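Q:
Residue numbers (my numbering): 5 to 188.
Set out below in structure tokens:
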């Protein structure tokens with residue numbers, strides 16, 4: 005996907021590029037400090053999509069949409085923190101320079117595929133919507149981490165994201181069991 009000069013893409017173009025795993029878009033949002041708000045919007049919208057879409061996974065009551073959205077947001081935050089620690093402190097490459105803002109912007113946009121979770125409200129679509137978006141978000145996160153941490157090795161980005169993802173999913177499941185709605 006060809007992109008315009010850095011900083012010239014609209015929010016929608018950035019969403020499309022992030023979903024398309026376009027490394028140039030991730031480089032653009034990494035460098036654009038004004039994109040922090042956009043990244044936050046993506047993360048919050050993706051979390052809300054999880055809350056609404058989860059209704060198709062067992063029908064949480066309307067009052068639980070907020071709770072599921074918060075759990076999704078906390079899971080993203082845990083993944084971001086784990087990625088920062090693992091990728092920037094435990095497994096950096098020699099040229100890796102960790103800038104929290106750059107990392108948060110890129111991995112915020114990596115949440116773009118999570119918007120698909122809203123389709124979970126369609127009967128029978130919840131499991132595919134959540135499974136596809138989870139895998140797609142993991143792939144987007146790999147691209148985002150590779151760009152933000154200046155890795156030359158995609159393999160290292162895969163390892164960092166895989167470890168962070170596994171730990172974040174464990175945290176999210178734990179929060180879901182502890183604070184989530186009861187199923188009768």
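Each residue gets a CB set at the ideal place from its N, CA and C atoms; glycine is no exception.
None of these values were measured; they are calculated from a predicted model.
Using only CA atoms, which one of 157, 167, 128 and 38 lies nearest to residue 105?
A: In the chain shown, residue 105 corresponds to position 101, counting from 1. Ranking the options by Cα distance to residue 105, first place goes to 38.
Q: Rounded to whole angstroms, what's the CA-CA distance from residue 17 to residue 60? Just pull it up for me.
A: For the purposes of this step, residue 17 is taken as residue 13 along the chain shown, with counting starting at 1. For the purposes of this step, residue 60 is taken as residue 56 along the chain shown, with counting starting at 1. Near 30 Å, if we compare the C-alpha coordinates of residue 60 and residue 17.
Q: Rounded C-beta distance between residue 173 and residue 115? I'm assuming under 8 Å.
A: Counting from 1 along the chain shown, the entry for residue 173 is found at position 169. Counting from 1 along the chain shown, the entry for residue 115 is found at position 111. In fact, because the Cβ distance is near 15 Å, the residues do not count as touching under 8 Å.
Q: Kindly list the residues whose CB is nearer than 6 Å to the CB of residue 42, restricted to its own chain and excluding five residues on each side of it in sequence; keep chain order.
A: To locate residue 42, count along the chain shown from 1; it is residue 38. 15, listed in sequence order.
Q: Could you pull the start and end residues of the alpha helix (DSSP H) that residue 178 belongs to?
A: Locating residue 178 in the chain shown gives position 174, where the first residue counts as 1. Where residue 178 is concerned, the enclosing alpha helix (DSSP H) stretches over 158 to 183.
Q: Within a Cβ cutoff of 6 Å, which residues of the same chain sit near residue 50, ignoring the five residues on either side of it in sequence?
A: For the purposes of this step, residue 50 is taken as residue 46 along the chain shown, with counting starting at 1. Once the five neighbours on either side are set aside, the close Cβ partners of residue 50 are 115, 118 and 119.
Q: What residue does the alpha helix (DSSP H) around residue 30 start on, and which one ends it?
A: To locate residue 30, count along the chain shown from 1; it is residue 26. Taken as a continuous stretch (DSSP letters only), the alpha helix (DSSP H) holding residue 30 covers 27 to 35.
Q: Out of 78, 34 and 180, which one is the CA nearest neighbour of residue 149?
A: In the chain shown, counting from the first residue as 1, residue 149 sits at position 145. Here the closest residue by C-alpha is 34.
Q: Cβ of residue 29 within 7 Å of Cβ of residue 23?
A: If you number the chain shown from 1, residue 29 lands on position 25. If you number the chain shown from 1, residue 23 lands on position 19. It is not a contact, given that the beta carbons lie outside the stated cut-off.
Q: Suppose contacts are defined by Cβ-Cβ distances below 7 Å. Is residue 100 in contact with residue 153 by that definition?
A: Walking along the chain shown from the start, residue 100 turns up at place 96. Walking along the chain shown from the start, residue 153 turns up at place 149. A contact, by the Cβ cut-off of 7 Å.
Q: Looking only at its own chain, which residues have a Cβ that is under 8 Å from the Cβ of residue 176, when we skip the five neighbours before and after it?
A: In the chain shown, residue 176 corresponds to position 172, counting from 1. So the qualifying residues of the chain are 75, 76, 78, 79 and 82.
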